[in-house]
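Protein sequence lines, in the order shown, are assigned to chains A and Y.
Okay, so the first sequence: first residue is 259 according to this note's numbering, each after it adds one.
Okay, so the second sequence: first residue is 259 according to this note's numbering, each after it adds one.
All residues carry an ideal CB built from backbone N, CA and C; glycine is no exception.
Reviewing the structure listed below.
2 protein chains.
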Amino acid sequence: MTTIYDVARRSGVSPATVSRVLSGRRNVDPELSEKVRAAVAELGYRPNGVARNLRRASTNLWAVVISDIENPFFTSLVRGLEDVAQTEGYHVVLCNSDEDPAKEAAYASAVLTEQMAGVVISPTSTAEGVQQLAEAKTPMVLIDRRVEGVEADTVLVDNEHGAAEGVRHLIDGGYRRIACITGPRRVSTAMDRLAGYRSALRAGGIKYEKDLVRYADFREAGGFAAMESLLDLPEPPEALFVANNLMTVGALECLAKKGLRAPDDIAVVGFDDIPWADLVVPSLTTVAQPTYELGRTAGLLLKDRIASPGRPPSTVTLRTELHIRATSAPRKP
Amino acid sequence: MTTIYDVARRSGVSPATVSRVLSGRRNVDPELSEKVRAAVAELGYRPNGVARNLRRASTNLWAVVISDIENPFFTSLVRGLEDVAQTEGYHVVLCNSDEDPAKEAAYASAVLTEQMAGVVISPTSTAEGVQQLAEAKTPMVLIDRRVEGVEADTVLVDNEHGAAEGVRHLIDGGYRRIACITGPRRVSTAMDRLAGYRSALRAGGIKYEKDLVRYADFREAGGFAAMESLLDLPEPPEALFVANNLMTVGALECLAKKGLRAPDDIAVVGFDDIPWADLVVPSLTTVAQPTYELGRTAGLLLKDRIASPGRPPSTVTLRTELHIRATSAPRKP
DNA sequence: CTGTTAGCGCATTCAC
DNA sequence: GTGAATGCGCTAACAG
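Listed below in structure tokens is the structure:
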């Protein structure tokens, strides 16, 4: 392996000067600078990033800890983050936590031992890793979910407002008996979206009925089961609000299996888009989140946090957007 | 920061012994070993991964270079890879090349300077980065596409066979005038799938017509445009085979926009699944690739390559699976 | 089985 | 504006 010493010898300068040239310092004689560049080219020299990292006591890696890259919500978010990372000279390490606090903690640990420059994380329910990273003062941006007792930059969407908007849309369509499938009680997004559902009911003068709410696991199978259980009610709902994309898919699959159709048998609004929601038939009404923007914003916040670790944490809340499609068509008289 | 020397002092042994204990070497007195562990716990010591990497002249990072994580084909593949990486003690760095040889080359460069342990890569058309990595003898696994003149472990699917099976299914359904939308001429998968299309036609005694083939860019917009152009033919096709998932979506959107329906107006078979293909209406017949398995297999090959760099490269070809759904229903008399 | 020693490749003092 | 010297934290030789 050719080192900075080889380049120095070849160009007749000291290693220090080579280092200065390569890291783009101004105060180097242009003539020497040119010699160094020539030597670098001739030798095919490539700086050793690991050595640089050791010396600088930090790497150019960002970790992104999400529950599952196969969920399109996170896929697009990661893409947004990676685009920022690339322009800022960082690389993104992908970490699937699978909602498992132990995995989250393991990744947090890796972030620390590998001296990664920062972390973007969607916390699991107990947020073990988040606590660990907060204590170590690692530059960190929380996405999608809040964590009690942790002060950190955070990027959220307006869950309550978005959910309320989706449910209001159903109410406006003439539906009264509206069910809700939400996520686990310990997850802030689940509770916020449920709160939006309740506030929309209240605003519409509809009584909240506990029986019409299901707490599932944000996964496809959970949505399927919850839908089944709702259909088993003595008086099944006329409409349904589902608090995330995967559970919506599960619910739709359940309906399809039972030979029921949206919106004729039951109207549906889902939180969070799915890819090609237009192709699903009937096309699916969703409360869309700006997923790419979420990732991008997180990246920008992380960059700022690394540049000025001292400044107070900020929270950015992005807006959702109601995409009205076919599954929420107004009720027929 | 507490170092290995602090732990050594605290536990009354040498740094070398601490190192031995922490890297799980057998030949250490259990008693000393215990002392070391105690000291580690007391001091909250955490090894410095970067220093370890410098010393070992290698990191525990794998790069995965794909064109776009937002394509579900790659999403699932990356997940498969990450699962292997995790069990083998590696982390995965996500690199979106966007089919841009320059980006691919930039990432290849990063792999080298950051001393990553290995790479899994889906080559762009010119495969600049691949050449670079091959020269540097970086452990590398090619996925999805072959590259002429590069000897490396490779994971493919049987594109020609899968495409032929999909097209044969259309022929069996009574369709004769079958169009094909494939990818760029320089990409091996595009040509292999086209070859499968041709061989199925031949086997079915159908004359190959150049006019019924379109070369697009493997993206949604490309599929849309190609579909439009096919519909503009004096005598439009009765059926269509599309060589990847995104173009299939584009083609379906084009049909929807024109008020045409599959399979009544035109039957459709797409190569590569899309998420929730069942929910698309009419549900989409696909030649499904084992995407997760592709990633997993690549991970296993990479692990082996790192363990024994000398052994001759191997190519693994996985089977596709025809998922017959509604868009390819037999032709009505 | 354990300790001493050296050096991985670089960036940064500090002199000049 | 430049060079010599130092050490980041660890692991692998080697000697004992």
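Residue(s) in a DSSP beta bridge with residue i
i	result
A/H349	A/L319
A/V527	A/F499, A/T543
Y/L473	The amino acid occupying residue 473 of chain Y in the given sequence is Tyr; Leu does not appear at that position. In DSSP, Y/Y473 forms a bridge with Y/T440.
A/I379	A/V323, A/L400
A/N285	Beta-bridge pairing links A/N285 to no other residue.
Y/N354	Y/I324
Chain-ordered chain A contacts of residue i [CB-CB under 8 angstroms]
i	result
Y/A309	L312
Y/N285	Going along chain A, no residue has its Cβ under 8 angstroms from Y/N285, so there is no contact; the nearest lies around 24 angstroms.
Top-ranked residue by Cα proximity to residue i, from the options
i	options	result
A/L491	A/E393, A/A474, A/K468	A/K468
Y/P442	Y/R434, Y/V471, Y/R456, Y/V507	Y/V471
Y/A546	Y/K515, Y/L558, Y/R583	Y/R583
A/H581	A/Q390, A/L558, A/D530, A/T575	A/D530
A/R314	A/A375, A/A360, A/A368	A/A375
A/E340	Y/F331, Y/D326, Y/L335, Y/S334	Y/D326
A/R589	A/K361, A/L391, A/L498	A/L498
A/L489	A/R278, A/N502, A/S457, A/G517	A/G517
Y/Y433	Y/S446, Y/W534, Y/G462	Y/G462
Y/P397	Y/T412, Y/E386, Y/S383, Y/T384	Y/T412
Y/I524	Y/I532, Y/W534, Y/L542, Y/P533	Y/L542
A/R310	A/T261, A/V336, A/G302	A/T261
Y/I401	Y/A483, Y/G508, Y/E486, Y/F331	Y/F331
Y/N354	Y/V399, Y/S572, Y/V538, Y/Y365	Y/Y365
Y/V405	Y/V526, Y/R444, Y/A363, Y/V286	Y/R444
A/S316	Y/N329, Y/N306, Y/D522	Y/N306
A/A410	A/H419, A/K515, A/S380, A/R426	A/S380
A/V271	A/V415, A/M259, A/L537, A/V286	A/V286
Y/V350	Y/P359, Y/G338, Y/K361	Y/G338
A/G387	A/V322, A/E289, A/A274	A/V322
A/G481	A/Y466, A/L513, A/E496	A/L513
Proximal residues of chain Y, C-beta to C-beta of residue i below 7 angstroms
i	result
A/H349	V351, A368
Interface residues of chain A facing residue i [CB-CB closer than 7 angstroms]
i	result
Y/E328	T333, S334, R337
Y/T317	V308
Y/E340	L352, N354
Contacts that residue i makes with chain Y (C-beta to C-beta distance below 9 angstroms)
i	result
A/L537	V507, L510, E511, A514, I532, L537, V538, V539, L542
Chain Y contacts made by the region 359 to 382 of chain A, where a contact means CB separation under 7 angstroms: A368, L370, T371, E372, Q373
Alpha helix (DSSP H) runs contained entirely in the region 398 to 466 of chain Y, provided each spans 4 or more residues: List check, alpha helix (DSSP H) in window: 417 to 430, 446 to 461.
Residues from the region 294 to 307 of chain Y in contact with chain A, defined by Cβ distance under 8 angstroms: R304, P305, N306, G307
Chain-ordered residues of the region 412 to 444 of chain A with a beta carbon less than 8 angstroms from chain Y: none
Residues of the region 448 to 461 of chain Y whose Cβ lies closer than 8 angstroms to any Cβ of chain A, in chain order: none
Contact list for the region 498 to 516 of chain Y against chain A, Cβ threshold 8 angstroms: V507, L510, E511, A514
Entirely enclosed alpha helix (DSSP H) segments - the region 536 to 586 of chain A, minimum 4 residues: 549 to 565
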